[in-house]
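Since the structure comes first, as structure tokens, the remarks are kept for the end.
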Amino acid sequence: MNRNHTTARIAHVFSGTFVHSTPRAAVEILQNCVLGVDDKGKIAFIEKHQDVVSLSEIWGFETSDIKQLGQYEFLMPGMVDTHIHASQYSYAGTALDLPLLEWLNTYTFPVEAKYKDLDFANDVYTKVVRRTLKNGTTTACYFATIHTDASLLLGELADRFGQRALVGKVCMDCNSAVPQYKESPSECKEETDRFIKELLKKEYPNVKPVVTPRFAPSCSSSLLSELGEIANNNKLHVQSHISETKEEVELVKTLFPGCKSYTDVYLKHNLLTDRTVMAHGCHLTDEELEIFRETGSAVSHCPNSNISICSGILNVRNVLNHKVKLGLGTDVAGGYSPSMLDAMRRTLDTSKALTIQDPQHKTLSFEEVFRLATLGGSEALSLDDQTGNFVVGKDFDALRVNVCVPDGPIDLFPGEGPKVILEKFLNLGDDRNITEVYMAGRRVVPFPDT
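In UniProt numbering, the protein residues as written are 1 to 450.
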């Protein structure tokens, strides 16, 4: 309870139940506690409620300013979507009838080519940022398109609405069935450099660029090398896809015959670092997972997408047993839902499907999946020093959850404690139950214009 005597003032104080994850506990429930947020958006203290008077004296806030959570309310960390295609949001919920490589050429590339039109981009990107925030995603790792100006616009919108975001201008120079939707290697490098420079020049506090080769089949070896150099020279995050389908894995073998595996392609081009997140990984071998562990690279598990376009089922337990960082992603629009609650539910479903196939498989618990959607996601994006749980000094990224909203999706019964209430929210809840969203101490939902 020692105060760091700075100029920081207390902006918010909450009293009630707090639910989060720690490295040791998948779910930690803190009842009858008070949490203070300073005017820089950082968590200043979290203590038992019995100390509230002394805390108010130390920190200089009025006890009348405390926001009291109700009996069926709790605060939890904001959720982290480690893989989402903002540019695919316009057709989310449709076009799920083809396998990956056909799906890209038939639906994805023609739609993404439209983002040279900034009015079109503004409409879709505004909607996806607002929708994900409303659903409790305080941090998103976004794929945009090959268009630099539209990608910069996505960063601007994330900052304006108050979402922590990694934004990637997509890079691809080959194997597109849409001729106008690819760049030359030199264009990719020049525009990626411009995108990074322009986005960093904006000095958005919580929006950063991420180097984004679409995936190995759409990138030449020379382009991958250029992007690896850019990422390492600028100490930037890297995102891409890996081993989503068996057909894709076989294609990579033919395109990169000098590499031992799909993982080896990225390794040889210096794209696997402790700031790298690779989506899917359904068909990674144990040897490849060892490379992920050694390099500190992360896997983004996107179960809705994996099921929806019949890509495969990732054995999350095996990834965790290899001590590889893992978070969850919606993978809109291969995944039809922009909600991280859906990502958690599909993660449990796929884990149970593996148990049906092999009774020796240890099914994931809802507590473990809660951690993957919050702290695990922040670890996967190497942002866990800033967000992911309620630790003094971290940014206050949080959801105020009320499981008893009028006409809500959850019914409650006598005697249900906070753990039951949490489980009901994770399995039954939706955006109606998320009454407030905070990012870095700023209340961003309800939106100021509503």
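Here a beta-carbon is modelled for each residue, glycine too, at the ideal position from N, C-alpha and C.
- For the set LEU157, LEU236, GLU73, the Cα lying nearest the Cα of GLY417 is the one of GLU73.
- Residue pairing by DSSP places VAL80 opposite THR139 in a beta bridge.
- Looking at the DSSP output, VAL19 bridges to ILE29.
- C-alpha of GLU187 to C-alpha of PHE195: approximately 12 angstroms in a straight line.
- Your pair HIS12 and GLY441 checks out as a contact, with CB atoms roughly 7 angstroms apart and the cut at 8 angstroms.
- Within its own chain, the residues whose Cβ lies closer than 8 angstroms to the Cβ of LYS235, once the five positions on either side in sequence are excluded, are ARG275, listed in chain order.
- Across the structure, LYS48 and PHE390 are spaced so that their CA atoms are roughly 14 angstroms apart.
- Taking a contact to require three or more Cβ pairs closer than 8 angstroms, the segment 80-87 and the segment 333-343 qualify as touching.
- In this structure the segment 103-112 does not touch the segment 54-74; the number of beta carbon pairs closer than 8 angstroms is below three.
- Residue ranges of uninterrupted beta strand (DSSP E) with 3 or more members, entirely inside the segment 152-187 and ordered along the chain, are 164-168.
- In this structure, the alpha-carbon of LEU199 lies about 43 angstroms from that of LYS362.
- Across the structure, THR145 and PRO205 are spaced so that their CA atoms are roughly 23 angstroms apart.
- Counting the other Cβ atoms within 10 Å of the Cβ of CYS33 gives 16 or more, which makes it buried.
- Looking at the backbone, the Cα of PHE161 and that of ASP384 are separated by about 22 angstroms.
- Here ALA333 is not near TYR142, since their CB atoms are 8 angstroms or more apart.
- When beta bridges are read from the DSSP output, VAL401 appears opposite PHE74, ILE434.
- With respect to the 8 angstroms criterion, PRO110 and VAL178 are classified as neighbours on the basis of their beta carbons.
- By DSSP's assignment, LYS67 forms a beta bridge with PHE14.
- Taking C-beta separations shorter than 8 angstroms and ignoring five residues to either side along the sequence, the partners of GLY70 in its chain run GLY16, ASN402, CYS404, following chain order.
- When DSSP reads this structure, GLY327 sits in a beta bridge with SER300.
- Within its own chain, the residues whose Cβ lies closer than 7 angstroms to the Cβ of ASN175, once the five positions on either side in sequence are excluded, are PRO217, SER218, listed in chain order.
- The beta carbon of GLN180 sits closer than 7 angstroms to the beta carbons of ALA113 from its chain, once the five residues preceding and following it are set aside; these are given in chain order.
- Ranked by how close their Cα comes to the Cα of ALA150, the residues GLU244, VAL170, GLN163, LEU223 have VAL170 in first place.
- For THR387, DSSP assigns no beta-bridge partner whatsoever.
- In the structure shown, the three-state DSSP call for PRO209 is strand.
- Straight through space, the alpha carbons of ASP349 and ILE356 are spaced by roughly 11 angstroms.
- Where LYS114 is concerned, there is no enclosing beta strand (DSSP E), because DSSP gives it neither an H nor an E.
- Boundaries of the beta strand (DSSP E) harbouring ARG443: 442-445, taken from the DSSP string.
- Spatial neighbours of LYS40 in its own chain (CB-CB distance under 6 angstroms, excluding positions within 5 residues in sequence) are listed in chain order as ALA8.
- Rounded to whole angstroms, the separation of the alpha carbons of VAL324 and ARG293 is 5 angstroms.
- CA-CA distance, GLN68 to PRO359, rounds to 45 angstroms.
- By the criterion of at least three beta-carbon pairs nearer than 8 angstroms, the segment 253-270 is not in contact with the segment 366-374.
- Less than 8 angstroms divides the Cβ of GLU244 from the Cβ of CYS282.
- Considering only ALA373, LYS419, ASP411, GLY415, the residue with the shortest C-alpha distance to ASN135 is ALA373.
- By the Cβ-count criterion, SER382 is buried, with 16 or more other Cβ atoms from all chains shown falling within 10 Å of its own Cβ.
- DSSP places GLY36 in the strand class (E or B) of the three-state scheme.
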